[in-house]
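Asks:
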Amino acid sequence: MRASGILMHISSLPSKYGIGTMGKEAYDFVDFLVRAKQTYWQILPICPTGYGDSPYQSFSTHAGNPYFIDLDMLAEDGLLEEDDFAGINWGTNPQYVDYERIYQNRFDVLRKAYDNFKEQDRRLFDTFIEKNDMWISNYALFMSIKDFYDGKPWLEWDEGLKHRDPHSLWLFKEAHSDDVEFWEFLQFKFFEQWTKLKEYANSNGIRIIGDIPIYVALDSADVWVFPDLFDLDEELMPKTVAGCPPDAFSSTGQLWGNPIYNWARHEETNYNWWIDRLHSAVELYDIVRIDHFRGFDSYYSIPFGDDTAENGKWETGPGIEFFRFVESQLGKLPIIAENLGFLTPSVTEMLADSGFPGMKVLEFAFDPREESNYLPYTYNKNCAVYIGTHDNNTIKGWIQELDEETLEFCTRFLNFTGSTDSEFIWTFIKTAFACVGDTLVIQMQDFLELGAEARMNTPSVPHGNWQWRMKPGVCTKKLAAKIARITGTYGRCPR
7 MRASGILMHI
17 SSLPSKYGIG
27 TMGKEAYDFV
37 DFLVRAKQTY
47 WQILPICPTG
57 YGDSPYQSFS
67 THAGNPYFID
77 LDMLAEDGLL
87 EEDDFAGINW
97 GTNPQYVDYE
107 RIYQNRFDVL
117 RKAYDNFKEQ
127 DRRLFDTFIE
137 KNDMWISNYA
147 LFMSIKDFYD
157 GKPWLEWDEG
167 LKHRDPHSLW
177 LFKEAHSDDV
187 EFWEFLQFKF
197 FEQWTKLKEY
207 ANSNGIRIIG
217 DIPIYVALDS
227 ADVWVFPDLF
237 DLDEELMPKT
247 VAGCPPDAFS
257 STGQLWGNPI
267 YNWARHEETN
277 YNWWIDRLHS
287 AVELYDIVRI
297 DHFRGFDSYY
307 SIPFGDDTAE
317 NGKWETGPGI
327 EFFRFVESQL
337 GKLPIIAENL
347 GFLTPSVTEM
357 LADSGFPGMK
367 VLEFAFDPRE
377 ESNYLPYTYN
387 KNCAVYIGTH
397 DNNTIKGWIQ
407 ELDEETLEFC
417 TRFLNFTGST
427 DSEFIWTFIK
437 TAFACVGDTL
447 VIQMQDFLEL
457 GAEARMNTPS
467 VPHGNWQWRM
477 KPGVCTKKLA
487 AKIARITGTY
497 GRCPR
């Protein structure tokens with residue numbers, strides 16, 4: 007199906023309360039997508055954020071981010087009074103998330119909602135807990151212990167809790183049962199609000215493209231509960247960590263720090279952890295983008311303790327047999343494979359054998375010094391086209407940092423004859439819409455003609471990312487109509 011969509015994370019939605027939520031502004035954005043004749047809303051991982059506020063460093067692969075719980079909707083549920091949250095300083099700049107203020111203030115408000123919830127009917131809550139028992143009790147216990155230790159990683163907890171001694175866990179849960187249930191309550195309200203939002207989107211013809219990182223954070227419930235599935239030593243410290251080698255993004259490579267999988271152990275357990283994870287993802291989203299897809303073929307392994315990624319080496323992953331096994335258990339999954347970066351023939355073969363669409367990024371296409379398979383005439387229909395992703399600059403920011411030779415080639419390729427940044431941006435957007443690839447996704451920042459100040463993430467830079475927010479009132483009917491005309495012109499209106 008030839009269609010298009012917009013990439014914008016929930017955190018980037020306008021909000022009176024410091025960060026985008028699943029409230030009114032999210033529903034308004036769905037309405038904007040409908041007016042703009044779009045089919046997809048792509049978001050980043052919606053799991054709780056950990057180190058660096060990154061959605062790719064989460065405390066859980068299954069849980070939802072409590073920051074996205076809408077406070078006004080909690081008030082409508084009778085769980086809060088407006089005075090409980092209206093007077094709080096959530097940050098002074100409506101275009102950026104102040105994560106420190108959110109962290110300091112949000113949970114106090116959510117705790118009030120939980121205290122009020124105790125007086126309400128628990129039947130839906132109990133049903134939710136039973137349905138999600140596979141992960142939620144461990145996650146809630148993990149977060150409760152983490153709070154008890156003032157946010158310290160689980161590797162710094164007392165030995166009994168660190169090593170999950172059953173008696174130690176029982177004693178803690180008995181003494182802190184209210185705290186454990188608080189974290190369960192947050193997930194109950196998160197998924198209640200998410201389900202309603204997704205149903206609204208789907209009923210209006212909008213499909214959600216979600217995102218799951220290939221790796222999990224070391225400081226996560228997943229590694230704490232299943233240490234045997236990761237490359238850890240007897241003291242539960244990583245032996246190796248993930249990243250990628252030196253490239254155009256970083257001369258010393260990218261040191262992500264996530265623990266590497268013990269793939270042999272995953273195979274012994276029939277990939278149960280992955281089956282559960284992917285099953286949850288396809289229930290949560292309509293389409294799943296798997297980040298760093300190439301890591302299933304071969305992955306870059308860096309000795310734990312290194313300061314850079316320069317001393318890493320490539321190791322063999324589970325390959326296409328992993329996806330064949332997953333398909334035997336879950337059926338054919340609606341996956342987009344993030345296959346960017348250094349690709350070998352075996353990675354290309356794995357992608358072709360899987361049948362999943364890979365990604366094409368136009369900002370990678372215009373190096374005049376070498377041939378590029380990101381130029382549009384190299385595409386086939388089974389691909390997802392992007393101008394840039396959350397890891398790239400906006401179009402405006404990108405052209406302002408290009409060298410003269412690359413900019414000249416890009417201008418010549420686009421047959422650009424205008425003179426302003428605005429004209430260049432919309433010429434670039436139209437070129438993307440014209441591509442043969444069935445799926446096209448464009449960042450909201452580019453439709454808004456924003457510069458580098460609106461960039462979502464700069465790889466290898468640990469701080470200052472994931473902060474951009476859209477200003478209220480910019481999703482106008484005029485902009486929607488302009489996008490809708492382009493969408494129709496290039497045959498991307500399947501409805």
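Heads up: the sequence shown runs through residues 7 to 501, numbered per the numbering used here.
Beta carbons are placed, not taken as given, at the ideal position from N, Cα and C, and that holds for glycine.
Treat the numbers as computed from the prediction; the structure is a model and nothing was measured.
Taking the beta carbon of Arg-330 as the centre, do at least 16 other beta carbons fall within 10 Å, making it buried, or is it exposed?
Replies: Looking at its Cβ environment, which holds fewer than 16 other Cβ atoms inside 10 Å, Arg-330 is exposed.
Asks: By the three-class DSSP mapping on this structure, what secondary structure does Met-149 have?
Replies: In the structure shown, Met-149 sits in a helix (DSSP, three-state: H, G or I).
Asks: Do Ala-146 and Trp-176 have their C-beta atoms closer together than 7 Å?
Replies: No, Cβ-Cβ distance for Ala-146 and Trp-176 is not below 7 Å.
Asks: Just curious, the beta strand (DSSP E) that Thr-322 is in, first and last residue?
Replies: Run containing Thr-322: 319-322, per the beta strand (DSSP E) assignment.
Asks: Can you tell me the Cα-Cα spacing of Val-115 and Asp-83, whole angstroms?
Replies: The alpha-carbon atoms of Val-115 and Asp-83 are separated by roughly 14 Å.
Asks: Could you have a look at Cys-416 and say whether DSSP puts it in helix, strand or coil?
Replies: Note: Cys-416 maps to helix in three-state DSSP.
Asks: Does the pairing of the region 182-198 with the region 248-268 give three or more beta-carbon distances under 8 Å?
Replies: The region 182-198, when compared against the region 248-268, does not touch it at the 8 Å Cβ threshold.
Asks: Using CA atoms only, rank isn't needed, just tell me which of Glu-376, Leu-13 and Tyr-385 is closest to Gly-364.
Replies: That would be Tyr-385, whose Cα lies nearest to the Cα of Gly-364.
Asks: Helix, strand or coil for Gly-403? Go by DSSP, reduced to three states.
Replies: Three-state result, Gly-403: helix.
Asks: Between which two residues does the alpha helix (DSSP H) holding Pro-20 run?
Replies: That residue, Pro-20, is in no alpha helix (DSSP H); it is neither H nor E in DSSP.
Asks: Give me the Cα-Cα distance between Ser-307 and Ile-296, rounded to the nearest whole angstrom.
Replies: Answer to the nearest angstrom: the Cα atoms are 19 Å apart.
Asks: So, for Leu-284: in the same chain, excluding its five sequence neighbours on each side, which residues have a beta-carbon less than 7 Å away from its beta-carbon?
Replies: Closer than 7 Å at the Cβ level, and outside the excluded window around Leu-284, lie Val-332, Leu-336 and Leu-339.
Asks: Can Arg-41 and Gly-497 be called in contact, C-beta distance under 7 Å?
Replies: No.
Asks: Taking C-beta to C-beta, are His-298 and Ile-220 nearer than 7 Å?
Replies: Yes, the pair counts as a contact, with Cβ atoms nearer than the cut-off.
Asks: Just confirm the distance between the C-beta atoms of Phe-148 and Gly-70, as a whole number of angstroms; I'd bet it's less than 8 Å.
Replies: No, Phe-148 and Gly-70 are not in contact; Cβ-Cβ is about 15 Å, not under 8 Å.
Asks: For Glu-344, does the count of other Cβ atoms within 10 angstroms reach 16, so buried, or fall short, so exposed?
Replies: Buried, because 16 or more other Cβ atoms sit within 10 Å of the Cβ of Glu-344.
Asks: Tell me which residue opens and which closes the beta strand (DSSP E) that Lys-202 is part of.
Replies: Taken as a continuous stretch (DSSP letters only), Lys-202 belongs to no beta strand (DSSP E), being part of the alpha helix (DSSP H) at 183-209.
Asks: Here's a check: name, in chain order, each residue in its chain whose Cβ is nearer than 8 Å to the Cβ of Arg-3, leaving out the five neighbours to either side.
Replies: This structure cannot speak to residue 3, because the chain is shown only from 7 to 501.
Asks: Classify Ala-181: buried if its beta carbon has 16 or more other beta carbons within 10 angstroms, exposed otherwise.
Replies: It is exposed - the Cβ of Ala-181 has fewer than 16 other Cβ atoms within 10 Å.
Asks: On the criterion of 16 or more Cβ atoms from any shown chain inside 10 Å, does Asn-346 qualify as buried, or is it exposed?
Replies: Rather than Asn, the amino acid found at residue 346 in this sequence is Leu. With 16 or more other Cβ atoms within 10 Å, it is buried.
Asks: Quick check: what's the CA-CA separation for Asp-34 versus Phe-74?
Replies: One C-alpha to the other measures close to 15 Å.
Asks: Is Ile-393 helix, strand or coil when you go by DSSP?
Replies: Reduced to three states, the DSSP call for Ile-393 is coil.
Asks: With a cut-off of 8 Å on the beta carbons, I'd call Phe-310 and Pro-244 a contact; round off their distance for me.
Replies: Between Pro-244 and Phe-310 the Cβ distance is about 4 Å, and since that is below 8 Å, they are a contact.
Asks: Using 10 angstroms around the beta-carbon of Tyr-3, count the other beta-carbons present and answer buried if the total reaches 16, otherwise exposed.
Replies: For residue 3 there is no data in the structure shown, the boundaries of the chain being 7 and 501.
Asks: Considering only C-alpha positions, which residue in the set Ser-360, Ser-150 and Arg-461 is nearest to Trp-404?
Replies: Looking at the Cα atoms, Arg-461 is the closest of the given residues.
Asks: Using a 10 Å radius around the Cβ and a threshold of 16 neighbouring Cβ atoms, would you call Asp-303 buried or exposed?
Replies: Buried is the call here.
Asks: DSSP on Lys-366, reduced to helix/strand/coil?
Replies: Here Lys-366 sits in strand by DSSP.
Asks: In the DSSP assignment, the beta strand (DSSP E) including Trp-47 goes from what residue to what residue?
Replies: Taken as a continuous stretch (DSSP letters only), the beta strand (DSSP E) holding Trp-47 covers 46-48.
Asks: Would you report the Cα separation of Glu-411 and Leu-420, rounded to the nearest angstrom?
Replies: Going from the Cα of Glu-411 to the Cα of Leu-420 covers about 14 Å.
Asks: Are Phe-422 and Phe-430 close, meaning C-beta to C-beta below 7 Å?
Replies: Yes, Cβ-Cβ distance for Phe-422 and Phe-430 is below 7 Å.
Asks: I believe Val-36 touches Tyr-206 by the beta-carbon criterion, under 8 Å. Please report the beta-carbon distance rounded to the nearest angstrom.
Replies: Going by Cβ atoms, the distance from Val-36 to Tyr-206 rounds to 6 Å, so yes, they are a contact pair.
Asks: Relative to the C-alpha of Pro-382, which candidate in Asp-373, Pro-374, Val-367 and Arg-375 has its C-alpha closest?
Replies: Nearest C-alpha to Pro-382: Val-367.
Asks: My output table needs one value for Thr-445: the three-state DSSP class, helix, strand or coil.
Replies: In the structure shown, Thr-445 sits in a strand (DSSP, three-state: E or B).
Asks: Here's the rule: buried if 16 or more other CB atoms are within 10 angstroms of the residue's CB, otherwise exposed. What is Arg-112?
Replies: By the neighbour-count rule (16 or more Cβ atoms within 10 Å), Arg-112 is buried.
Asks: Between Asn-276, Leu-446, Pro-251 and Gln-260, which lies nearest to Leu-235 when the distance is taken from Cα to Cα?
Replies: Nearest C-alpha to Leu-235: Asn-276.
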